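Asker: Handing you a structure now.
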Amino acid sequence: MTTSSPAGTTLQTKTQSSDDNRLKLLEATMKRHQHRPDALIEVLHKAQELYGYLTPELLISVAQRLHLPPSRVYGVATFYHFFSLVPPGEHNCTICLGTACYVKGAAAILGELEQQLGLQAGQTSADGKISLLAARCLGACGIAPAVVLDGQVIGHAIPDELQTRVAELLK
Amino acid sequence: MPLSEYIIMRELNHPDINQFAVYRRVGGWETYAAALREQTPAALVQQVKDSGLRGRGGAGFPTGVKWGFLPKGVYPRYLLCNCDESEPGTFNNHQIIDRNPHQVIEGVALSAYAIECHTAYIYMRGEFASAALLLEQAIAEAYAAGFLGKNILGTGYDLDIYIHRGAGAYICGEETALMESLEGKLGQPRLKPPFPAVEGLYGKPTIINNVETLANVPRIIEKGVAWYRSHGTEKSPGTKCFSISGHVNRPGNYELPFGVPLRELIESPEYAGGMRGGRPVKIIIPGGASAPWLTAKHLDTPLDYEGVAAAGSMLGSGAVIVLDDSVKAPHVAYKMDEFFKHESCGKCTPCREGTHWLVKVLHRMAEEGHGEANDIPTLHSIYRQMEGNCFCLLGESAVMPIKSALELFPEEFEAIVKG
Numbered sequence: 032m033t034t035s036s037p038a039g040t041t042l043q044t045k046t047q048s049s050d051d052n053r054l055k056l057l058e059a060t061m062k063r064h065q066h067r068p069d070a071l072i073e074v075l076h077k078a079q080e081l082y083g084y085l086t087p088e089l090l091i092s093v094a095q096r097l098h099l100p101p102s103r104v105y106g107v108a109t110f111y112h113f114f115s116l117v118p119p120g121e122h123n124c125t126i127c128l129g130t131a132c133y134v135k136g137a138a139a140i141l142g143e144l145e146q147q148l149g150l151q152a153g154q155t156s157a158d159g160k161i162s163l164l165a166a167r168c169l170g171a172c173g174i175a176p177a178v179v180l181d182g183q184v185i186g187h188a189i190p191d192e193l194q195t196r197v198a199e200l201l202k
Numbered sequence: 006m007p008l009s010e011y012i013i014m015r016e017l018n019h020p021d022i023n024q025f026a027v028y029r030r031v032g033g034w035e036t037y038a039a040a041l042r043e044q045t046p047a048a049l050v051q052q053v054k055d056s057g058l059r060g061r062g063g064a065g066f067p068t069g070v071k072w073g074f075l076p077k078g079v080y081p082r083y084l085l086c087n088c089d090e091s092e093p094g095t096f097n098n099h100q101i102i103d104r105n106p107h108q109v110i111e112g113v114a115l116s117a118y119a120i121e122c123h124t125a126y127i128y129m130r131g132e133f134a135s136a137a138l139l140l141e142q143a144i145a146e147a148y149a150a151g152f153l154g155k156n157i158l159g160t161g162y163d164l165d166i167y168i169h170r171g172a173g174a175y176i177c178g179e180e181t182a183l184m185e186s187l188e189g190k191l192g193q194p195r196l197k198p199p200f201p202a203v204e205g206l207y208g209k210p211t212i213i214n215n216v217e218t219l220a221n222v223p224r225i226i227e228k229g230v231a232w233y234r235s236h237g238t239e240k241s242p243g244t245k246c247f248s249i250s251g252h253v254n255r256p257g258n259y260e261l262p263f264g265v266p267l268r269e270l271i272e273s274p275e276y277a278g279g280m281r282g283g284r285p286v287k288i289i290i291p292g293g294a295s296a297p298w299l300t301a302k303h304l305d306t307p308l309d310y311e312g313v314a315a316a317g318s319m320l321g322s323g324a325v326i327v328l329d330d331s332v333k334a335p336h337v338a339y340k341m342d343e344f345f346k347h348e349s350c351g352k353c354t355p356c357r358e359g360t361h362w363l364v365k366v367l368h369r370m371a372e373e374g375h376g377e378a379n380d381i382p383t384l385h386s387i388y389r390q391m392e393g394n395c396f397c398l399l400g401e402s403a404v405m406p407i408k409s410a411l412e413l414f415p416e417e418f419e420a421i422v423k424g
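Chains as they are written, first to last, in this note's numbering: chain A, 32 to 202; chain B, 6 to 424.
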């Protein structure tokens, strides 16, 4: 691939609508980092923040602008757990399965939610409403079992209450 | 007895110390300002050496000695503050940043001056988005007050501090993987030597210290070596923020001088407040998931680097996980090794394959309750092939849960095999 192609041509044709300025915001982030290849992780953070997840077109565009081979960008995007290459659900619920949460009943919480939603950990519902995720350790062992519902941390989670809250979100 | 004056968790003495004005009012940034005007970098390194400060991230290596490894006359140098806190059971760095962020930034700045570096990075665990914002703000306030930037306080010293967010990879807490990640690459560890002090970030001499370690530095310089050494033990001076979790009544972070017995941390109503429902202690993991297990007979072990080592484990990051008799050892080993399997970076074979096979066998035994005649020798054989053969400490750590479980509770594995 050439590295001299104009900014994000691929993207413009595939994902950008006329009033979409996300690409401009992403370009501003890359410019702030002077298009340095070592800013890749920061740039991917911004891209995911703007688009919700990382599409192949987005990754190729970032590779072009940072003068990196696409394989490197794809490698980094898939190595780090934070980056997602599939669209997230409208809502998300993450159950911590770290040691401290586990011994305080996190597996039961996850099991009941899996049953309630008909999903396995790591899956998104067919209607795109909710993603159910499991984390290895959130670093919130003092309030175990810990759950993150739409970015809000719930400590000392109680299965029944959590199920009610999730059901309300999906109404 | 809780401390009367805290070294790190100072919000317990000054509740609003997370505000810049309050931090300034209790003498914050003064130590740094005075050091820049009156002390040479070498004098600061000597004081940190004399204080006996040891790295809080896990290895307990003397900080001043580490700083002394920098080759003379080679510049630029970098200081990296490791806040990739990911060890299961460890949650003190996050709290320190939430409640006493300015001391962390002053610690980074003062240490940067001591090692004669002009660029410092704080590597934040990707999940710590709110903590990263807090630190960004604390850094902005320090710039505005003239403690960072060019020609600081007219002394001619320049320093910039940057925050870098990780993106969810336990391995990036390993210092060389952290440097790879900072350079925008996959977080896979580098071969050592060369050690980071000689050839680190961008191939330049680099010092990496944990958040809690660096937060100690302003207090050592402010109050003096003798005061600092009046806490803790001869070989483990100072205090440690212990993160205690599991089946205890009051899980949380508690700052204690080194050397307090494990029993006091677990049972004192001032700290963890005893076991939930009064059940007996079965397993104590004293230093995060990577530490060999202890049992109830080790309750009188003093919590310092030497004491925990003498009991056959390691103090590590000071994350104490206490489990009662409601847990089964094979199950705990399974869950912990599942973590290491998930986080293995895939670079070296013993770790990548070893964790995979451990989890495969343990899953069948612990989750499905189905054992085969050869399972126990197989488990022994897998971890023995990993032990001492992994590229970095991640793989070596994955050995600990299964080895401990087999050593301490062989009958529980035998029972599964017998069906």
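Yeah, the Cβ is synthetic: ideal placement off N, Cα and C, and Gly gets one too.
Computed from a prediction, not measured in an experiment: that's the story for all the values here.
Going by the DSSP bridge assignment, what does V327/B pair with across the sheet?
Answerer: In DSSP, V327/B forms a bridge with G251/B, I289/B.
Asker: Using the rule of at least 16 other Cβ atoms within 10 Å of the residue's Cβ for burial, across every protein chain shown, is S102/A buried or exposed?
Answerer: Its Cβ having fewer than 16 others within 10 Å, S102/A is exposed.
Asker: Apart from the five residues on each side of it in sequence, which residues of its chain come closer than 6 Å, Cβ to Cβ, to V422/B?
Answerer: So the list reads G376, D380, once near-sequence residues are dropped.
Asker: Does DSSP put K245/B in a helix, in a strand, or in coil?
Answerer: DSSP places K245/B in strand when its eight states are reduced to three.
Asker: Going by other Cβ atoms of all chains shown within 10 Å of its Cβ, with 16 needed for buried, is K77/A buried or exposed?
Answerer: So K77/A counts as buried.
Asker: So, using beta-carbon positions, are N87/B and G161/B closer together than 9 Å?
Answerer: No, they are not a contact pair.
Asker: Take every Cβ of the segment 105–122 of chain B, pair it with every Cβ of the segment 314–332 of chain B, and state whether three or more of those distances are shorter than 8 Å.
Answerer: Too few Cβ pairs lie closer than 8 Å, so no.
Asker: Just grab the DSSP bridge partners of P262/B for me.
Answerer: P262/B pairs with T244/B.
Asker: With distance defined between alpha-carbon atoms, name the residue in Y259/B, V253/B, P210/B, E373/B nearest to T181/B.
Answerer: Considering only alpha carbons, the answer is P210/B.
Asker: Closer than 9 Å between beta carbons: that is the criterion. Which residues of the segment 82–95 of chain A meet it against chain B?
Answerer: Going along the segment 82–95 of chain A in chain order, one finds no residue with a Cβ nearer than 9 Å to chain B.
Asker: For the structure I just gave you, are there three or more beta carbon pairs, one from the segment 243–259 of chain B and one from the segment 349–362 of chain B, closer than 8 Å?
Answerer: These segments do not touch.
Asker: What are the start and end residues of each continuous alpha helix (DSSP H) run of 4 or more residues lying completely inside the segment 130–183 of chain B, in chain order?
Answerer: For the segment 130–183 of chain B, whole alpha helix (DSSP H) runs of length 4 or above, ordered along the chain, are 134–149.
Asker: The segment 88–106 of chain B: which residues have C-beta closer than 9 Å to a C-beta of chain A, in chain order?
Answerer: Correct list: E90, S91, E92, P93, G94, T95, F96, N98, H99, Q100.
Asker: I believe V109/B touches L219/B by the beta-carbon criterion, under 8 Å. Please report the beta-carbon distance rounded to the nearest angstrom.
Answerer: Right, their Cβ atoms sit about 7 Å apart.
Asker: Beta strand (DSSP E) containing L193/A: first to last residue?
Answerer: That residue, L193/A, is in no beta strand (DSSP E); its alpha helix (DSSP H) goes 190–200.
Asker: Going by DSSP, what residue range makes up the beta strand (DSSP E) through L84/B?
Answerer: L84/B -> beta strand (DSSP E) spans 83–88.
Asker: In this structure, does DSSP put I65/B in helix, strand or coil?
Answerer: Per the sequence presented here, residue 65/B reads as Gly, with Ile not at that position. Of the three classes helix, strand and coil, the one that applies to G65/B here is coil, per DSSP.
Asker: Run through DSSP, which three-state label would N97/B get?
Answerer: Residue state, collapsed to three classes: helix.
Asker: Could you give the distance in angstroms between the alpha-carbon of P100/A and the alpha-carbon of E401/B?
Answerer: Their Cα atoms are separated by approximately 33 Å.
Asker: CA-CA distance, H98/A and I91/A?
Answerer: When rounded, the distance between both Cα atoms is 10 Å.
Asker: Going along chain A, which residues have a C-beta under 8 Å from H347/B?
Answerer: Per Cβ cutoff of 8 Å: R167.
Asker: For the segment 173–199 of chain A, which residues have a beta carbon sitting closer than 7 Å to at least one beta carbon of chain B?
Answerer: Listed by position along the chain: G173, A175.
Asker: When DSSP builds the beta bridges, which residues end up paired with G237/B?
Answerer: Paired residue(s): P242/B.
Asker: Could you tell me if S241/B is buried or exposed, where buried requires 16 or more neighbouring beta carbons within 10 angstroms of its beta carbon?
Answerer: Looking at its Cβ environment, which holds 16 or more other Cβ atoms inside 10 Å, S241/B is buried.
Asker: Could you name the residues of chain A that K340/B contacts, counting a contact when the two beta carbons are closer than 8 Å?
Answerer: Result: L128, T130, Y133.
Asker: Within a Cβ cutoff of 7 Å, which residues of the same chain sit near L120/A, ignoring the five residues on either side of it in sequence?
Answerer: Per the sequence presented here, residue 120/A reads as Gly, with Leu not at that position. Hits under 7 Å: T155, S156, G159, K160, I161, S162.
Asker: For chain A, check one thing: does any of its Cβ atoms lie closer than 9 Å to the Cβ of R130/B?
Answerer: Yes - at least one Cβ of chain A is within 9 Å of the one on R130/B.
Asker: When you check each C-beta in the segment 52–77 of chain A against every C-beta of chain B, which residues fall closer than 9 Å?
Answerer: Residues passing the 9 Å Cβ filter: R67, P68, D69, A70, L71, I72, E73, V74, L75, H76.
Asker: Cα separation between Y207/B and I12/B?
Answerer: Distance between the alpha carbons of Y207/B and I12/B is about 34 Å.
Asker: Just to confirm, is the Cβ distance from G189/B to V107/A under 9 Å?
Answerer: Yes, they are a contact pair.
Asker: Leaving aside the five residues before and after F152/B along the sequence, list all residues of the same chain whose C-beta is less than 6 Å from its C-beta, in chain order.
Answerer: These residues qualify, in order along the chain: W34.
Asker: Specify, as a first and last residue, the run of the beta strand (DSSP E) that S162/A falls within.
Answerer: Run containing S162/A: 161–166, per the beta strand (DSSP E) assignment.
Asker: Checking contacts by CB at 9 Å: is G173/B closer than that to chain A?
Answerer: Judged by the 9 Å Cβ criterion, G173/B is in contact with chain A.
Asker: Answer with yes or no whether the minimum CB distance from G170/A to chain B is below 9 Å.
Answerer: G170/A counts as touching chain B.
Asker: In its own chain, which residues sit with a C-beta less than 6 Å from the C-beta of I189/A, not counting the 5 before and 5 after it?
Answerer: So no residue of the chain qualifies.
Asker: Can you grab the Cα-Cα spacing for the pair T195/A / L49/B, in whole Å?
Answerer: Straight-line Cα distance between these residues: approximately 57 Å.
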